[in-house]
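Per our numbering, the sequence shown runs over residues 1 to 111.
Everything below concerns the one structure shown next.
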Amino acid sequence: MLVARSVALFCLAALLEIGGAWLIWQGVREHRGWAWAGAGIIALGAYGFVATLQPDAEFGRILAAYGGVFVAGSLAWGMVADGYRPDRFDVAGALICLVGVAVIMYSPRGR
1 MLVARSVALF
11 CLAALLEIGG
21 AWLIWQGVRE
31 HRGWAWAGAG
41 IIALGAYGFV
51 ATLQPDAEFG
61 RILAAYGGVF
71 VAGSLAWGMV
81 ADGYRPDRFD
91 VAGALICLVG
101 VAVIMYSPRG
111 R
């Protein structure tokens with residue numbers, strides 16, 4: 001159950017961070033207005049709080065592992081929101097990152 005909670009929190013964090021950055025991009029680069037950018041700033045702030053809910057107490061470990069989730073999530077976001085078509089190297093890289101997440105977060109440790 002602890003792993004499932006952690007994975008869900010990583011997914012929520014990715015949604016907030018990637019979505020927030022995308023909203024800012026839309027507001028500024030696509031000229032949709034400051035309301036979009038403001039919503040993005042709020043989402044990015046919420047991401048920071050979600051990271052604190054991870055069961056592991058090590059900030060560096062959580063942020064390092066989240067980096068792998070961010071890589072894979074960014075590619076997925078691009079596919080859904082912008083019609084991006086990842087190639088086999090994108091997919092392979094994302095899978096490698098997710099394996100790294102599993103090793104960092106869920107390997108048994110003697111404490």
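Built from N, CA and C at the ideal position, the CB exists for glycine as well.
Here the structure is a predicted model, which means the values were calculated and not measured.
The C-beta distance from Ala14 to Gly73 rounds to 4 Å, short enough to meet the 8 Å contact threshold. Between the region 70-84 and the region 11-26 there are three or more inter-stretch CB-CB distances shorter than 8 Å, so the stretches are counted as touching. In the structure shown, the three-state DSSP call for Met79 is helix. At a Cβ-Cβ threshold of 9 Å, Gly93 and Tyr84 do not count as neighbours.
In this structure Val3 is in contact with Tyr106, their Cβ atoms being roughly 6 Å apart against a cut-off of 8 Å.
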